[in-house]
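Asks: Just so you know, the protein sequences line up as chains A and B, in that order.
The first sequence maps to residues 10 to 235 in my numbering.
The second sequence maps to residues 21 to 426 in my numbering.
The structure follows.
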Amino acid sequence: MALLEIKNLQKSYPLPGGGRVKVLEVQGFRMEPGDKVVIQGESGSGKTTFLHLIAGILRADAGSVSLAGKEVLILSESARDRLRATSIGYIFQTFNLLQGFTCLENVLLGMSFGPGIDECRARQLLKVVGLENRLNHYPRQLSVGQQQRVALARALANRPKLVLADEPTGNLDPANSRAAIELLQELCDADGAGLLVVSHDIKVMDSFSEKVSWARLNRVIREIKS
Amino acid sequence: MKGTALWIALKSLRQHALSTSIAATSIALAGGLLMAVWILRSEAENTFARSTGGFDAVLGARGSQLQLVLNSIFHLEASPGTIPGNTALLLRRNPMVGRAIGRAIPIAVGDNYKGYRLVGTVKELFEEHEYAEGRKFKVLGRGAVFEGDQKQALAGSFAAEKLGLKVGDTFQPYHGLTYVEENQHADLYTVTGILEQSGTPVDRVIWIPIQGIQNMDGHREETRGDISALLIKLKSKTAVAILDPMFNRQGKDYTFAQITPVMSRFFQKFGWFEKVLELVAYMVALSAAGTILAILYNSMNEKRREIAILRSLGARRGTLVSIVLFQSMGIALLGIVLSFVFFTGVALVAAGLIRNETGVSLDLFAFHEVFIWVPIGMLLLGLFSGLVPAVKAYQTEVSRNLTPTS
């Protein structure tokens with residue numbers, strides 16, 4: 010069974026003056042369990058929307074998204090919340106750590122809506138990302154690279170089947186970018202999680218064996234280009 | 021999931037400690053004020069109505085019933101005048117009322133010692149009379165009640181404490197009910213005993229034999245046999261039906277006042293003041309609710325991104341609603357705890373002032389239903405204040421607030 014299978018996925022947004030603009034049309038996309046795929050594309054081309062549709066944060070106009078055998082688009086909202094809490098890890102360009110929570114608490118949050126709090130695992134993950142001495146530090150007390158490592162640990166906290174990473178190196182320098190991607194791949198390998206990264210950074214592509222061009226995947230962009 | 025919501029709510033309250041404290045203080049002021057107003061009113065009314073000193077009525081000179089009761093029972097205000105010293109004897113000889121009167125204790129006022137009243141009376145008040153069901157006045161230690169024919173004094177506990185009087189001390193009284201240094205009498209009194217605290221106005225009086233007041237150096241010769249009032253304990257309450265018209269309607273020389281109804285009417289006169297205080301408390305409560313609502317609502321604007329992040333981690337809309345409601349109720353709970361602190365402060369100060377002025381001890385910490393309904397009311401207020409921000413949290417659009425679309 011495929012980890013992720015997408016068919017004829019379409020999404021449009023309403024325009025202020027009426028009508029709608031189509032931003033995304035993906036005819037087919039598939040990932041097997043443990044796959045690590047990077048989708049490279051320009052900023053503002055609908056990659057984040059693609060990840061939000063997979064995670065069930067947005068509803069598609071048409072098509073299907075099957076994650077580990079579950080049809081995401083027909084699930085109720087609370088079922089999609091549950092799916093995110095138990096099967097998906099999400100990493101953002103801006104890390105999106107909660108500022109009022111310590112490193113350890115941020116990682117605990119990553120598991121609190123799903124499998125339940127497991128402080129040992131949270132501590133272990135922070136040790137793996139090299140932050141065992143920063144457990145009680147708040148995000149503002151950390152460097153940008155350290156904040157990103159907390160975000161990686163949080164994304165893996167609920168033992169997800171699929172990790173979605175949206176421009177995970179967007180705020181990092183080249184050295185930290187490479188280290189972050191390597192760490193992310195190691196963490197996913199350790200848990201057997203699939204990894205889907207979207208990035209505009211061409212250098213990120215070098216770290217992945219499976220590379221997809223967003224311009225080729227999204228029919229809307231193909232149509233614009235042609 | 022509820023545990024997670026509670027955890028996040030508490031973290032958030034701690035993160036915004038200043039605004040949390042401001043809102044909780046508003047709740048505390050409202051709750052504390054409401055409890056203080058209610059308890060002080062009901063306890064003062066009940067205690068004063070009960071503080072009859074074990075008597076049913078007072079017979080005194082023609083004048084105001086309230087003034088007569090305040091002067092004779094609470095030792096406040098001036099005496100409305102004097103009545104003949106043989107009034108008790110005349111009453112007992114009256115075939116209509118003689119048998120209805122159980123006890124009649126004469127008192128005479130007119131002097132003080134450093135602002136504390138000297139009241140002349142008879143030993144019977146301390147040796148035989150019960151000031152409450154089964155309770156007689158007690159003299160502390162090896163002290164004793166004064167002898168009727170001696171210049172001796174029995175000090176109330178509060179007066180003794182404030183004046184530093186102890187057994188064996190001597191003092192010279194001052195003329196009048198107000199302390200004026202130049203008006204000192206030549207008579208020298210010796211303290212023979214200190215009364216155990218009774219929580220009644222008796223505590224703030226220095227008691228001397230009635231002849232002491234009557235014969236005090238400098239008092240007018242022609243009124244020496246007079247008394248200020250007669251404190252009456254009735255054998256049967258039905259005697260009121262005879263005594264009231266006899267003295268208040270048919271006679272012109274006396275005033276007969278039933279203590280409890282007079283005090284009830286006295287407190288009814290303060291009804292408007294209680295209403296004003298209650299209104300103030302309700303307005304503070306409303307303002308507290310508004311503060312909570314504003315703080316949480318504004319924080320919702322700041323927290324849209326946090327809410328979106330929590331949703332991306334799998335938090336349900338209901339969880340977010342719970343978080344906001346836990347926050348508002350957390351503020352209310354903190355306010356409730358502080359309201360008891362505030363109430364305790366107000367109650368202690370008020371009880372001290374009342375005891376200083378009247379000698380009456382109020383039991384402000386006995387259980388009262390207001391201790392239940394005020395906290396419940398404050399909790400509901402907190403819940404209500406959190407509803408609008410909770411709806412806002414519920415409606416927060418995740419995708420739009422999560423990250424800029426790339």
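Glycine residues also receive a C-beta, built at the ideal position from the N, C-alpha and C atoms.
For Glu216 of chain B, which three-state DSSP category applies?
Replies: On the second sequence, residue 216 of chain B is found 196 positions in, with the first residue counted as 1. DSSP places Glu216 of chain B in coil when its eight states are reduced to three.
Asks: By the DSSP assignment, the alpha helix (DSSP H) with Thr67 of chain B in it spans what residues?
Replies: In the second sequence, counting from the first residue as 1, residue 67 of chain B sits at position 47. Ala37 to Arg70 is the span of the alpha helix (DSSP H), which, as asked, contains Thr67 of chain B.
Asks: Quick check on Thr67 of chain B: buried or exposed, where buried means 16 or more other Cβ atoms within 10 Å of its Cβ?
Replies: Against the second sequence, residue 67 of chain B aligns to sequence position 47. With 16 or more Cβ atoms within 10 Å of its Cβ, Thr67 of chain B is classed as buried.
Asks: Between the region 164-183 of chain B and the region 217-228 of chain B, are three or more C-beta pairs nearer than 8 Å?
Replies: Short answer: they touch.
Asks: Using 10 angstroms around the beta-carbon of Cys197 of chain A, count the other beta-carbons present and answer buried if the total reaches 16, otherwise exposed.
Replies: For the purposes of this step, residue 197 of chain A is taken as the residue at position 188 of the first sequence. Cys197 of chain A is buried by the Cβ-count criterion.
Asks: Output needed for Gln217 of chain B: all residues of its chain with C-beta closer than 7 Å, excluding positions within five of it in sequence on either side, in chain order.
Replies: Here residue 217 of chain B refers to the residue found at position 197 when the second sequence is read from its first residue. Here the set comprises Ser177 and Asp223.
Asks: If you follow the beta strand (DSSP E) that Glu34 of chain A is part of, which residue opens it and which one closes it?
Replies: Residue 34 of chain A sits at position 25 when you count from the first residue of the first sequence. Residues Arg29 to Met40.
Asks: Using Cβ-Cβ distances below 7 Å, what residues of the region 109-143 of chain A are close to chain B?
Replies: Answer in chain order: Gly109, Phe110, Leu118, Gly119, Ser121, Phe122 and Gly123.
Asks: Going by beta-carbon coordinates alone, are Asn268 of chain B and Thr258 of chain B separated by less than 8 Å?
Replies: As a first step, residue 268 of chain B is located in the second sequence; it is residue number 248 there, counting from the start. As a first step, residue 258 of chain B is located in the second sequence; it is residue number 238 there, counting from the start. No, the Cβ-Cβ distance between Asn268 of chain B and Thr258 of chain B is not below 8 Å.
Asks: Using the beta-carbon of each residue, which ones in chain A are nearer than 9 Å to Thr429 of chain B?
Replies: Because residue 429 of chain B is not part of the residues shown, which for chain B are 21 to 426, the question remains open.
Asks: For Arg163 of chain A and Leu140 of chain A, which I take to be in contact (beta-carbon distance under 8 Å), what is that distance rounded to the nearest angstrom?
Replies: The residue you call residue 163 of chain A lines up with position 154 of the first sequence. The residue you call residue 140 of chain A lines up with position 131 of the first sequence. Contact flag wrong, Cβ pair sits at about 11 Å.
Asks: Please name the residue or residues paired with Ile131 of chain B in a DSSP beta bridge.
Replies: Position 111 of the second sequence, counted from the start, is the residue given in the question as residue 131 of chain B. A small fix is needed here, since residue 131 of chain B is Asp in this sequence, not Ile. Its beta-bridge partners are B:Leu138 and B:His195.
Asks: Leaving out the 5 sequence neighbours to the left and right, which residues in its chain are closer than 8 Å to Glu377 of chain B when beta-carbon positions are compared?
Replies: As a first step, residue 377 of chain B must be located in the second sequence, where it is residue number 357. If we look at Glu377 of chain B and ignore the five residues flanking it on each side, its Cβ neighbours are Leu96.
Asks: For Thr141 of chain B, count neighbouring C-beta atoms within 10 Å of its own C-beta (all shown protein chains included) and say buried if the count is 16 or more, exposed if not.
Replies: As a working mapping, residue 141 of chain B is identified with position 121 in the second sequence. It counts as buried.
Asks: Straight-line CA distance for Gly213 of chain B to Phe404 of chain B?
Replies: By one-based count along the second sequence, residue 213 of chain B stands at place 193. By one-based count along the second sequence, residue 404 of chain B stands at place 384. Rounded to whole angstroms, Gly213 of chain B to Phe404 of chain B spans 60 Å at the Cα level.
Asks: Distance check for Gly179 of chain A and Ser426 of chain B, CA to CA, integer angstroms please.
Replies: Taking the second sequence and counting its residues from 1, one reaches residue 426 of chain B at position 406. Taking the first sequence and counting its residues from 1, one reaches residue 179 of chain A at position 170. Its pLDDT being 42, under 50, Ser426 of chain B is placed unreliably in this model, and the value from its coordinates should be taken loosely. Approximately 11 Å, taken between the alpha carbons.
Asks: What residue from A:Arg228, A:Gly203 and A:Asn227 has the CA that sits closest to Glu219 of chain A's CA?
Replies: Stepping through the first sequence from its first residue, residue 219 of chain A is reached at position 210. Residue A:Gly203 is the option with its Cα nearest to Glu219 of chain A.
Asks: Tell me the DSSP bridge mates of Glu219 of chain A?
Replies: The residue given as residue 219 of chain A occupies position 210 in the first sequence. For Glu219 of chain A, which the question treats as bridged, DSSP gives the partners A:Val46.
Asks: Nearest to Val187 of chain B by alpha carbon, out of B:Tyr199, B:Gly196 and B:Leu160?
Replies: Looking up residue 187 of chain B in the second sequence gives position 167. Selected option, being the one with the closest Cα: B:Leu160.
Asks: Once the 5 residues before and after Ala71 of chain A are set aside, which same chain residues still bring their CB inside 8 Å of it?
Replies: Residue numbering aside, residue 71 of chain A sits at position 62 when the first sequence is read from its first letter. Closer than 8 Å at Cβ, skipping near neighbours: Asn17, Leu18 and Gln19.
Asks: Considering Cα atoms alone, identify which of A:Leu106, A:Thr58, A:Ala64 and A:Glu14 is closest to Gly154 of chain A.
Replies: Translated into the one-based positions of the first sequence, residue 154 of chain A becomes position 145. Comparing Cα-Cα distances from Gly154 of chain A to each of A:Leu106, A:Thr58, A:Ala64 and A:Glu14, the minimum goes to A:Leu106.
Asks: For Gly350 of chain B, would you say it is in contact with chain A, using Cβ-to-Cβ distances shorter than 8 Å as the test?
Replies: Walking along the second sequence from the start, residue 350 of chain B turns up at place 330. Answer no: the Cβ-Cβ gap between Gly350 of chain B and chain A never drops below 8 Å.
Asks: Should Gly119 of chain A and Leu333 of chain B be called a contact, given that it needs their Cβ atoms to be closer than 8 Å?
Replies: What you label residue 119 of chain A is simply residue 110 of the first sequence in a count that begins at 1. What you label residue 333 of chain B is simply residue 313 of the second sequence in a count that begins at 1. It is a contact, given that the beta carbons lie within the stated cut-off.
Asks: Leaving out five residues before and five after Met236 of chain B in sequence, what residues of the same chain have Cβ atoms less than 8 Å from its Cβ?
Replies: Within the second sequence, numbered from 1, the residue matching residue 236 of chain B stands at position 216. Only Gly130, Asp131, Pro193, His195, His205 and Asp207 meet the Cβ criterion.
Asks: When the distance is taken between beta carbons, is Leu33 of chain B closer than 8 Å to Gly402 of chain B?
Replies: What you label residue 402 of chain B is simply residue 382 of the second sequence in a count that begins at 1. What you label residue 33 of chain B is simply residue 13 of the second sequence in a count that begins at 1. Not in contact: Gly402 of chain B and Leu33 of chain B (Cβ atoms no closer than 8 Å).
Asks: Start and end of the beta strand (DSSP E) containing Leu174 of chain B?
Replies: Residue numbering aside, residue 174 of chain B sits at position 154 when the second sequence is read from its first letter. Leu174 of chain B -> beta strand (DSSP E) spans Gln172 to Ala175.
Asks: Can you have a look at Asn227 of chain A and say buried or exposed, based on whether 16 or more other CB atoms are within 10 angstroms of its CB?
Replies: Position 218 of the first sequence, counted from the first residue, corresponds to residue 227 of chain A. Counting Cβ neighbours within 10 Å, Asn227 of chain A comes out buried, since at least 16 surround it.
Asks: How far does the beta strand (DSSP E) with Gln204 of chain B in it reach, from first residue to last?
Replies: Mapped onto the second sequence, residue 204 of chain B falls at position 184. Element bounds for Gln204 of chain B: n/a, residue is neither H nor E.
Asks: Report yes or no: is there a C-beta of chain B within less than 8 Å of the C-beta of Asn180 of chain A?
Replies: Along the first sequence, one-based indexing puts residue 180 of chain A at 171. No, Asn180 of chain A does not count as interfacial toward chain B.
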